[in-house]
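Before any comments, here is the structure.
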Amino acid sequence: MHPHPHRHALVVFSGGQDSTTCLAHALNRFERVETVGFDYGQRHRIELAARTEVLAQMRARFGRWREVLGEDHVLDLSVLGQVSQTSLTREVAFAMESSGLPNSFVPGRNVLFMTLAAALAYRRDITVLITGVCETDFSGYPDCRDDSMKALQIALSLGMDKRFRIDTPLMWIDKAQTWQMAHDEGQASGTPQGGAALIELIQEHTHTCYLGDRTHRHDWGYGCGSCPACELRAQGWRRWQG
Ligand code: ZN
1263 MHPHPHRHAL VVFSGGQDST TCLAHALNRF ERVETVGFDY GQRHRIELAA
1313 RTEVLAQMRA RFGRWREVLG EDHVLDLSVL GQVSQTSLTR EVAFAMESSG
1363 LPNSFVPGRN VLFMTLAAAL AYRRDITVLI TGVCETDFSG YPDCRDDSMK
1413 ALQIALSLGM DKRFRIDTPL MWIDKAQTWQ MAHDEGQASG TPQGGAALIE
1463 LIQEHTHTCY LGDRTHRHDW GYGCGSCPAC ELRAQGWRRW QG
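Next up, the structure:
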């Protein structure tokens, strides 16, 4: 039996605030949702641990989402360490480069992520790929841009001869609106107090900090508080709290 088109989604899920919000968004809209993450020798295994914990918490706290949430896939991308020397894959301090990009930038990383996600989706009979890339709080990653994603949607659909759709629910919203979206999706889950529950889950279990800091707890979650990822998250939280 073949599933209906566009009923099944694969979420590129890192265990951070953005992809957790995208996952919640997907769980309210699709019949089956699977997740994919990439192990590319992150300096801090914390990110991979966070994604496992977030998935477990979502299953534990949200009854309807438990029914929809399918398999989680982790793909080995250690090859990234061979083609780049960045602060994400090597023991190099986080810094901004003269290009204006953080040295965490791995050229074409999202192109690779989406290509592998599409290959996996093909095999799993999934046609919708969902990613939390965003142009609003633009961190300078060129392969996170809307045009990059639209080009990839066409390239992957042609290249695999299958009609893929790439959904980017966060593309045009800022970080304050991302907190609001998480609240709204939690509320829409059918779980009593689901909005507050998803916010609390994101504060406690998601990981965004570039430095892998899980020792400092702020009202917006754990992190060093000063890397660009922490700053974005904290500013968004403060604006959302108003
Ligand atoms: Zn940080």
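When you read off a place in the sequence shown, starting at 1, and then add 1262, the result is the number in this note's numbering. C-beta: ideal position from N, C-alpha, C; glycine also. Since the model is a prediction, treat every value here as computed from it, not as a measurement.
Three-state secondary structure (DSSP) at G1498? helix
For the alpha helix (DSSP H) that H1335 lies in, which residues bound it at each end? Taken as a continuous stretch (DSSP letters only), H1335 belongs to no alpha helix (DSSP H), being part of the beta strand (DSSP E) at 1331–1338.
- Task: For H1270, write down the residues that DSSP places opposite it in a beta bridge.
- Result: R1294
ask   = In three-state terms, what does DSSP make of Y1472?
value = coil
Next item on the list: Find out if the Cβ-Cβ distance for the pair T1440, G1498 is shorter than 8 angstroms.
Entry: A distance below 8 angstroms separates the beta carbons of T1440 and G1498.
Can you list, in chain order, the stretches of the alpha helix (DSSP H) that have 4 or more residues and sit fully within the segment 1363–1390?
Runs found: 1371–1385.
Would V1274 and T1393 be called neighbours here (beta carbons separated by less than 8 angstroms)?
It is a contact, given that the beta carbons lie within the stated cut-off.
| field | Segment contact, 8 angstroms Cβ cut-off, at least three pairs: the segment 1440–1456 with the segment 1283–1292 | value | yes
State the DSSP-derived secondary structure class of G1483, mapped to helix, strand or coil. For G1483, the secondary structure class from DSSP, reduced to helix, strand or coil, is strand.
Is the segment 1414–1432 touching the segment 1301–1319 in the sense that three or more CB pairs, one from each, lie closer than 8 angstroms?
no
So N1372 and V1395 are supposed to be a Cβ contact under 8 angstroms. How far apart are they, rounded? 7 angstroms
Who are G1299's beta bridge partners in DSSP? V1336
At 3 residues or longer, what runs of the beta strand (DSSP E) sit wholly inside the segment 1388–1429? Runs found: 1390–1392, 1427–1429.
Taking C-alpha atoms, which residue in I1461, T1453, K1424, Q1279 lies nearest to H1268?
Ranking the options by Cα distance to H1268, first place goes to K1424.
>> Give the residues whose C-beta lies closer than 6 angstroms to at least one heavy atom of the ligand ZN, in chain order.
In response: Ordered along the chain, residues surrounding the ligand ZN are C1471, Y1472, L1473, D1475, G1485, C1486, C1489, A1491, C1492 [Cβ under 6 angstroms from any heavy atom].
Rounded distance between the beta-carbons of G1370 and D1405, thought under 8 angstroms = 6 angstroms
Please classify D1387 as buried or exposed, where buried requires at least 16 other C-beta atoms within 10 Å of its C-beta.
exposed
Could you compute how far the alpha carbon of H1270 sits from the alpha carbon of C1284? 14 angstroms
- Message: So, for L1310: in the same chain, excluding its five sequence neighbours on each side, which residues have a beta-carbon less than 8 angstroms away from its beta-carbon?
- Response: Answer for L1310: G1277, G1299, D1301, Q1304, V1336, listed in chain order.
How would you call T1398, buried or exposed, if buried means at least 16 neighbouring beta carbons within 10 angstroms? exposed
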